[in-house]
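Quick note on UniProt numbering: the sequence shown kicks off at 1 and runs consecutively. Glycine included, each C-beta is placed from N, C-alpha and C at the ideal position. One structure is given here, and the rest of the page talks about it.
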Amino acid sequence: MALTQVDSTDYTTKFDCIVEKLLVLTKRKKNSETKLINNYLYDLNNLDYRYLTSLNNDAVQLLIEQLCVIITPAETVLIQNFCKLLVNIAQNNIELQEQTFIYCNEWIIEVFKSALPITHNNMLLTLKSLLTNKQFGNINHYLKLLIEDDQLLKRYLNLSHVQWSEIHYSAISCLEGILMSYNSTFIAKELIYIIKDITLDIVSSSLYLNDNKYYRTKILCSCLHILQIITVNEMLPHSIDFMGEILGVVQAFLFYGLKDYPPIKPQLLRPAVMNLPERIHIIPKCKNLKNHKAKVRKLPIKKVGTEVKNNTVPECKGVSLYSSDSDTSDTESNNSVFMDSKVRLESVRLLQVLVENSPSREIFGFWPQIVATGSRNNARVLTRSILKECVSKVKQHMLSTLTELLIDAKPFLMHAEDVHHTSFITFFGTVCLMIKELHFTLCLILNGETNVAVLTHGLKCAAALVQGTPYTRLKTGLATKLMRNCRPYIFHKDPTVRVAALSVFEAIASCDPVTPEIFEILVKQSDVNIASDQPVNISVSDNTEEDEEGEEEIDIEDLKNNLINEYNNELFKETNICFLIHVCLENISNKTMSTPVRLQSLKLIGRMAFSTGSLVFPHTELITMTLVGIIQDSETQIILHSCRALEIMAGCLMNIDSEDKNVSVFWNIIFDPITSLLQHPQTIIREAACDCLGSINSIIFAQLQRQKAVLIITILFGAVHDKESAVRAAGLRALGMLVTLPALKEETGFLMDLADIVCLSADDKNLGVRIKGAWALANLCNCLSKETNHEEVEPIPLEMLLPQIYQVSIKASKDNDKVKCNAVRALGSILYLCPNKHILKDTSSGLKALINCATVGNDMKVRWNACRALGLVLSNNPDNILQPSWRDQVFPVLCNLICDSPNFKVRTNAAWALYSCNSYGKYIITLWKSLILAFENSQHVPSYIEYPHRDALIQQLCLTLSHVATCTEVSDLQNLWTEISEHVDDVSNYVKQFQEIIVPEKMGDLIKAKSQLEKYMRSASLLEERKIAQVLASIFERTKRYDNLDSVVLT
């Protein structure tokens, strides 16, 4: 430490001494003193600036200014030494004053124009060092001069017909450095356009030169990096043309230096024309299972600043936005293969940042030109480049980028369809061919790769491909071939590879539906040895015709029997358990195993329990005992994922109605360990334990000893008072699930206590707690509404309970949308339960809250739940509990919703609410008109996502129309006919189509409507009324289309 101090003081003293001497010389400079000034500058440049501290900053600034004044363009050596001094000062964070900064820049620009070319490289390096120091904001002035003046930087940026050298690299590197240091808020857009065009011209002109490969590589890498910076910082407006230019560059340089791929000039690419709806494929939801969803929206990318930024996907570390010229030594750079690979690496990085910053729909339009063509030729696409790439680092980044592309393209890949060969291939068929090519590519990579990093990324890419492939729409065989190459890696010696391999099996188990082929993959027994590190090199067929004919390939595992020892385990043989589950149980039981491997094994068991229960539940005792055995583990994450796996199993067993021995075995094993976890110090563990207890099977709960049932309820009530909000929310969720169990629906004490608890949660500061509290309250109210008619149940004091939860529900209906959607459920049940309006005192506020939630807001779940709640209120003597004017408040709102709501589920529930009412008063004619308009409007689907709900809407409109017709009076007929006479035929068609598909149990409303109108045909006093009744009755006439079908067939 003392030596360092001495060195630092010595260097600083030397620096100050030389500066003082130079100040004297530069103040009265003579020609004879030029050599002496050069010597002093040489001495300054040889100092180690790391040890310079407490410098005389004013003297340094004055020296720089004086040197700028005295040095002329003819003094070549002096210029070079001064430039080196400025670089040392800038790179060692010695700050320049604004005046000094201006002096330096103007001196460089002036001297550059007339100094000898031998000095230009030094001046460019100095200029880069100064301009990348973001102390002052006049960058546009200098940048414009540099790239527009032919005597400055521009002279070295036109590389079309010159031999590339170090000076050209310094010129492009100067632009690169400026872009790295300033974002789009500092640099004018027109200058960015000029820089982009210069860069594209340089990469295009590289094809026609046979010059120094070292500098050509460095210049190309800098150009590609400039395009990366422009893209990731969104310096230019996003457009299809810009994407086409960038992807054209990527396509040209993705194969740079590879054999059989001669250099080509970048071309502007155009996207394929397609019109695909962005349908999201949703895997069945199960709490604690990660649903593999496509990304709907991009997360904002961090902009590039003064520090190094990492702009790769999380799986691929170390990809910097800084140019990679400094990543390696000059010795390595002299290697021709390595230099070519650097260009390819920058190309794939450019593709990566474009993918991260572009809408997935627009990127997918370029897939046939940049990702996969759907054929196995030598096209310049990413899949082919991965197979041809010989450098592991580049291949690793290619696979990482392909993974990102697959995740983004999932909504479009789900439309793939395997069709027979025709003269015309549909877009769906093209997508299918691309998926097949991707499977083929990954099979080859996994079959022959040995590099751990590449294997890991290849397996992650395979998982993303599995998640996006609609195997039900494709011919069998694709998944089998891919998983055959993934299976051996679950025994790889590297834990990262094991985790990635297990994640592919989790992805295949997540497919919905689980096809017979996928089930065979999961159930497949194997003799693979744990010690095996990788698959045997078996070539994958490239013959598409053989694949289509269904020719069976040789299984890798069959060929490995003579190479490895048999996988021996007595438990495996005795239980005949699924091999994959057995491997997972072995992993999680082995405490010396890597933690990520154990966690991924737990996730896979949970997913298989949810998706393929027939493989898991026959071995409930073994699996449950293994999971419970690791609850005492010291690793918090192991305990957590074990609890989550148990909860998934409990959820699957929860809905089994008949007595199943597996259910009782399961709960007998886990009851004590799970209840004990409620005392665990870790919040996340207590939360998971609550979730698990909430999933208890109704039959098992009814069979529990009274003491155990009380224990569950007690500890969950205790969890609601936990200091951590996550535990409180989990406790409320569990109680909300328990209240639906038949055994607790009759427990008046429990229901009253639960009401008190959820009322307290309404004031919780945490939104998650309020959401779960509102959900539990809605379930409680639903339970109360179903149990009021059971005489054997102990009566609940509604006079005390309803006012309390009524006020809480009204308050919750003004909270966050996720709270509202359950608050309105509770409100509907409360008003339904209320025997008269005096109990609640003011029922108008509740009705107003429901109407407001049904009509206002963007959350459609809130709106359709509010409509459902209104229907519940209207179904139970609304005149007894609502204000006399309730019809004026409710019917106009519901009529508007059934006609004009943008969401068909809202329309359907609004129609159901009208159907639930038995007294329409003066609104009969209005309802007829609105229903007819609703039929017409149902033909205009506002969004493709509403198509699946259109049939349900029309069916409910038919039922509602029948009910309204039943309630129509004779006195309404003439006025009604005036309004609807022109639309009778259209409505009749809807009703008759409905009659063809309706089950007999739902025909009652139509029969009543027809009967009522036929009654008016006979009893109406006026002839016109009888004719109107006859026409209206014909609407509900049963169709004769299929009535005589049997007799027609027999004849």
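- Check the Cα spacing between residue 609 and each of 637, 701, 668 and 514: the tightest is with 514.
- With 16 or more other Cβ atoms inside 10 Å of its own Cβ, residue 920 counts as buried.
- When DSSP states are grouped into helix, strand and coil, residue 366 belongs to the coil group.
- Shown here for residue 346: same chain residues with a beta carbon closer than 7 Å to its own, the five before and five after excluded, namely 221, 224, 225 and 324 in chain order.
- A Cβ-Cβ contact shorter than 7 Å links residue 385 with residue 255.
- Boundaries of the alpha helix (DSSP H) harbouring residue 452: 452-468, taken from the DSSP string.
- The C-beta of residue 654 has 16 or more other C-beta atoms within 10 Å across all chains shown, which makes the residue buried.
- Contact check for residue 81 and residue 47: beta-carbon distance about 13 Å, past the 8 Å limit, so the pair fails to qualify.
- The continuous stretches of alpha helix (DSSP H) do not include residue 739, and DSSP gives it neither H nor E.
- Contact between residue 619 and residue 577 holds, with the beta-carbon distance rounding to 5 Å and staying under 8 Å.
- Rounded to whole angstroms, the separation of the alpha carbons of residue 1020 and residue 886 is 31 Å.
- Less than 7 Å divides the Cβ of residue 120 from the Cβ of residue 167.
- Counting only runs of 3 or more residues that sit fully inside the stretch 347-402, no beta strand (DSSP E) segment turns up.
- According to the DSSP assignment, residue 999 belongs to no alpha helix (DSSP H), since it is labelled neither H nor E.
- Annotation for residue 109: 145 and 152 place their beta carbon closer than 7 Å to its own, counting only its chain and skipping 5 residues before and after.
- If you look at residue 766, you'll find it isn't in any alpha helix (DSSP H); DSSP assigns it neither H nor E.
- Boundaries of the alpha helix (DSSP H) around residue 213: 213-232.
- Three or more Cβ pairs closer than 8 Å define a contact, and the stretch 703-718 falls short of that threshold against the stretch 758-767.
- Comparing alpha carbon positions, the residue from 522, 865 and 989 closest to residue 614 is 522.
- Within the same chain, and ignoring the five residues on either side of residue 624 in sequence, the residues whose Cβ sits closer than 8 Å to its Cβ are 646, 649, 665, 666, 669 and 670.
- The alpha-carbon of residue 1007 is positioned some 56 Å away from that of residue 363.
- Assigned with DSSP and collapsed to three states, residue 116 falls in coil, not helix or strand.
- From the listed residues 960, 404, 429 and 396, the smallest Cα separation to residue 457 is found for 396.
- Residue environment for residue 582: buried (at least 16 other C-beta atoms within 10 angstroms of its C-beta).
- Contact check for residue 727 and residue 692: beta-carbon distance about 13 Å, past the 8 Å limit, so the pair fails to qualify.
- In terms of CA proximity to residue 605, 584 leads the group 811, 918, 584 and 471.
- Annotated three-state conformation of residue 702 is helix, per DSSP.
- With respect to residue 732, residue 776 sits close: the two C-beta atoms are nearer than 7 Å.
- Straight-line measurement puts the Cα of residue 1009 at about 15 Å from the Cα of residue 925.
- Restricting attention to 22, 766 and 704, the CA atom closest to the CA of residue 744 is found in 704.
- For residue 647, the enclosing alpha helix (DSSP H) covers residues 636-654.
- Contact check for residue 771 against residue 824 fails: the beta carbons are separated by 7 Å or more.
- Apart from the 5 residues on each side of it in sequence, residue 398 sits with its Cβ closer than 7 Å to the Cβ of 348, 382, 385, 386 and 389 in its chain, given in chain order.
- For residue 806, the enclosing alpha helix (DSSP H) has its first and last residue at 798-812.
- In the three-state scheme derived from DSSP, where H, G and I count as helix and E and B as strand, residue 121 is classed as helix.
- About 11 Å separates the Cβ atoms of residue 227 and residue 247, ruling out a contact at the 8 Å cut-off.
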